[in-house]
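Student:
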Amino acid sequence: MGRSMFERLSKDRKIPHWQQLALYVWAHVGTDGHCLLPADIARQLWRGSTARTDKLSEAVAGAVEHGWLDPQSNRRCAVVPHDVEYHRRRPAHCSLHQ
1 MGRSMFERLS KDRKIPHWQQ LALYVWAHVG TDGHCLLPAD IARQLWRGST ARTDKLSEAV
61 AGAVEHGWLD PQSNRRCAVV PHDVEYHRRR PAHCSLHQ
């Protein structure tokens, strides 16, 4: 599976929100294992639904609970588990997790 497939699957409205979010992150993760989430990510993924901060926080928590995202993840920056990291080249120093 590659990034383009993760991107496509992240838009599948038949899967849970936490899974859609994790797939989006896997498609957009940087070489440090982090993915800065756009301010409108909830609206991008869940068109037609109320794009509230709590819905995004719930999706992050669900993805962490299921092991699809690292516990460092939050609604501004998500971190992939070690198994999903693509060509990690640089250490993660993200102010959104300090």
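According to this note's numbering, the sequence shown is numbered sequentially starting from 1. Even glycine gets a Cβ: it sits at the ideal position worked out from N, Cα and C.
Can you tell me the Cβ-Cβ gap for ALA27 and GLU7, rounded? I've got them flagged as a contact below 8 Å.
Tutor: Working through the sequence shown from its first residue, we reach residue 27 at position 27. Working through the sequence shown from its first residue, we reach residue 7 at position 7. Indeed, because the Cβ distance is near 4 Å, the residues count as touching under 8 Å.
Student: In terms of residues, what are the limits of the alpha helix (DSSP H) holding ALA22?
Tutor: By 1-based counting over the sequence shown, the position of residue 22 is 22. First-last of the alpha helix (DSSP H) with ALA22: 17-28.
Student: Quick one: give me the first and last residue of the alpha helix (DSSP H) that ALA42 is part of.
Tutor: Locating residue 42 in the sequence shown gives position 42, counting from the first residue. ALA42 -> alpha helix (DSSP H) spans 41-45.
Student: ASP32 to ILE41, Cα distance in whole Å?
Tutor: Within the sequence shown, residue 32 is the residue found at index 32, counting from 1. Within the sequence shown, residue 41 is the residue found at index 41, counting from 1. Each residue's alpha carbon lies about 20 Å from the other.
Student: Taking the alpha-carbon positions, what's the PRO81 to ASP70 distance?
Tutor: On the sequence shown, residue 81 is found 81 positions in, with the first residue counted as 1. On the sequence shown, residue 70 is found 70 positions in, with the first residue counted as 1. Each residue's Cα considered, the two are about 5 Å apart.
Student: Are the beta-carbon atoms of LEU23 and SER4 separated by less than 8 Å?
Tutor: Translated into the one-based positions of the sequence shown, residue 23 becomes position 23. Translated into the one-based positions of the sequence shown, residue 4 becomes position 4. Going by C-beta atoms, LEU23 is not nearer than 8 Å to SER4.
Student: Reducing DSSP to helix, strand and coil, say where LEU36 ends up.
Tutor: In the sequence shown, residue 36 corresponds to position 36, counting from 1. Under the three-state reduction of DSSP output, LEU36 falls in the strand class.
Student: Out of LEU56, CYS35 and GLY2, which has the shortest C-alpha to C-alpha gap to HIS17?
Tutor: Locating residue 17 in the sequence shown gives position 17, counting from the first residue. Checked all of LEU56, CYS35 and GLY2; the closest Cα to HIS17 is LEU56.
Student: Would you list the residues sitting across from ALA78 in a DSSP beta bridge?
Tutor: Indexing the sequence shown from 1 puts residue 78 at position 78. For ALA78, which the question treats as bridged, DSSP gives the partners CYS35.
Student: Between which residues of its own chain and VAL60 is the CB-CB distance below 6 Å, once the five residues before and five after are set aside?
Tutor: As a working mapping, residue 60 is identified with position 60 in the sequence shown. Within the same chain, VAL60 has close Cβ partners SER73 and ARG75.
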